[in-house]
Amino acid sequence: MTKRKQHVSGDNSLFDQISVDLVINILSKLPVKSIAQCRCVSKHWSSIIRRPNYNMLFPTKSPATPRFLFIVRNGLFGPNLFISSSPQPQNPDKYLSLEATLHSLTATDYFKICPPVNGLVCRYLRGNGCIFAVISNPITGEYVTTPKVKTEDYPSKEKMYFGYDPVEEQFKVLFMTWLPSSGSHDYQVLTLGTRNLSWRKIQCCVLHYPHEDDGICINGLLYYQAIIDQKRSIVCFDVRSEKFSFVNIDQYLATRIREPLILMNYKGSKLGAIHCHIESNFFNLWVLENAEEHKWSDNFYKMPEVLRPSRIESLFSAGMIGSGEVVLYGKNARIFVYILYYNLEKNIITSVSFLVPGLDYVEYHGVHTFPNFVGDVKLM
Numbered sequence: 001m002t003k004r005k006q007h008v009s010g011d012n013s014l015f016d017q018i019s020v021d022l023v024i025n026i027l028s029k030l031p032v033k034s035i036a037q038c039r040c041v042s043k044h045w046s047s048i049i050r051r052p053n054y055n056m057l058f059p060t061k062s063p064a065t066p067r068f069l070f071i072v073r074n075g076l077f078g079p080n081l082f083i084s085s086s087p088q089p090q091n092p093d094k095y096l097s098l099e100a101t102l103h104s105l106t107a108t109d110y111f112k113i114c115p116p117v118n119g120l121v122c123r124y125l126r127g128n129g130c131i132f133a134v135i136s137n138p139i140t141g142e143y144v145t146t147p148k149v150k151t152e153d154y155p156s157k158e159k160m161y162f163g164y165d166p167v168e169e170q171f172k173v174l175f176m177t178w179l180p181s182s183g184s185h186d187y188q189v190l191t192l193g194t195r196n197l198s199w200r201k202i203q204c205c206v207l208h209y210p211h212e213d214d215g216i217c218i219n220g221l222l223y224y225q226a227i228i229d230q231k232r233s234i235v236c237f238d239v240r241s242e243k244f245s246f247v248n249i250d251q252y253l254a255t256r257i258r259e260p261l262i263l264m265n266y267k268g269s270k271l272g273a274i275h276c277h278i279e280s281n282f283f284n285l286w287v288l289e290n291a292e293e294h295k296w297s298d299n300f301y302k303m304p305e306v307l308r309p310s311r312i313e314s315l316f317s318a319g320m321i322g323s324g325e326v327v328l329y330g331k332n333a334r335i336f337v338y339i340l341y342y343n344l345e346k347n348i349i350t351s352v353s354f355l356v357p358g359l360d361y362v363e364y365h366g367v368h369t370f371p372n373f374v375g376d377v378k379l380m
């Protein structure tokens, strides 16, 4: 074993003699996962790959167009997690069928999954009296596990959200725990990329109870739904400053809709909120026009009749894509995931089927579908 280590060390010195330009040329011809493995060649190669301008060295390695990201939970032979992606067609034709590409298959489980942010996915898991998050890059296969946080027994509740600050280029995890009976709250933040990952406590002056939605991050602002003084509101967490602000929801509409709204990125810059009642073909869309004035625009649509695939029992909204179409999908699927493109302006729905890895093993699956995923080759 010792001789083998010495032999590798000798090889490292030879690799280090290769010029930086030649190393970059070699790396530029490799698949992304192979580039990640090349960090183990030597410290010199690792330092080149970990440069802050890494993405600029390999501009062709990152997908040019957004994709659908599929995360399948399969439990036939124990917990398995399939992560794959497929092209995200704009204005698709009818009866289009596509196949997703598998990125990773891991024997793991999760409690909740946060929507992907800038190419990274955050899922959090519960252990024995603790909770922790795993942040992964589906393209490179890398992942980082956060320190564990001790949790209290029932009725204590926990919630995590994942956000990104485009100014400082930092990923952060927001974690909160609370006791509904006593009103006790605890807020913590972890910044990804620091040498020693650790949770930091922060303060929030407004007592609020998060809903079951997973939130959404838009231009450095993390939005999620909560109850404040028995009224529904939108919480806005500034990822950079780590400050909270709050936006009121029209209470007349809120009282008519009992379940949480689905938050989405509306046309790349605004917060949108959706309520879709597929059985009656009703579709409501609210757009936050001015957060300081709590001003929303309200749009109501009567969806056309849709002959849904027999495998789809209920539909959920995954958000809006760049062409302005709303994406609807079924969370429970087998072999195929059926996605419905809803064109609001033309009031037309088009169905597209996706062959997704992990759906051909058991009868029942949990499928998460996320639009507008752009993989990032930046290594963690």
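The sequence shown runs 1 to 380 under UniProt numbering. Beta carbons are placed, not taken as given, at the ideal position from N, Cα and C, and that holds for glycine.
- Looking at the DSSP output, His277 shares a beta bridge with Phe282.
- Per the DSSP secondary-structure output, Phe82 pairs in a beta bridge with Val72 and Leu105.
- Selection Thr146, Leu81, Glu168 and Glu169 evaluated against Met160 yields Thr146 as nearest (Cα-Cα).
- Residue environment: Pro116 is assigned as buried (16 or more neighbouring CB atoms within 10 Å of its CB, all protein chains considered).
- With respect to the C-alpha of Gln230, the residue from Gln203, Cys236 and Pro210 having the closest C-alpha is Pro210.
- Taking C-alpha positions only, Val352 is separated from Met264 by approximately 21 Å.
- Contact between the stretch 97-114 and the stretch 190-210 is not established, with fewer than three Cβ pairs separated by less than 8 Å.
- Counted as a single uninterrupted DSSP element, the stretch harbouring Trp45 is not any beta strand (DSSP E) but the alpha helix (DSSP H) occupying residues Lys43 to Ile49.
- In this structure the stretch 121-140 touches the stretch 369-378; the number of beta carbon pairs closer than 8 Å is three or more.
- Annotation: Gln203 to Val173 spans about 15 Å, alpha carbon to alpha carbon.
- When the beta-carbon positions are compared, Gly358 and Val72 come within less than 9 Å of each other.
- When C-beta atoms of the stretch 272-289 are compared with those of the stretch 315-325, three or more pairs fall below 8 Å, so the two segments count as touching.
- Taken through DSSP and simplified to helix, strand or coil, Leu22 comes out as helix.
- Bridge pairing for Ala133: Tyr124 [DSSP].
- Per the C-alpha coordinates, the member of Leu197, His294, Glu152 and Lys201 positioned closest to Ile234 is His294.
- When DSSP states are grouped into helix, strand and coil, Gln37 belongs to the helix group.
- Taking a cut-off of 8 Å for Cβ pairs, the stretch 215-223 and the stretch 268-276 touch, as three or more such pairs fall below it.
- Under DSSP, Arg232 forms a beta bridge with Ile227.
- The DSSP-derived three-state label of Leu288 is strand.
- The alpha-carbon separation between Gly119 and Thr191 amounts to approximately 16 Å.
- Between Ile335 and Pro304, the C-beta gap is not smaller than 9 Å, which leaves the two residues out of contact.
- Contact between Phe237 and Leu222 is confirmed by a C-beta separation of about 4 Å, below the 8 Å threshold.
- Judged by DSSP in its simplified three-state form, Asp213 adopts coil rather than helix or strand.
- By alpha-carbon distance to His275, the top candidate from Phe82, Ala291, Tyr164 and Lys302 is Lys302.
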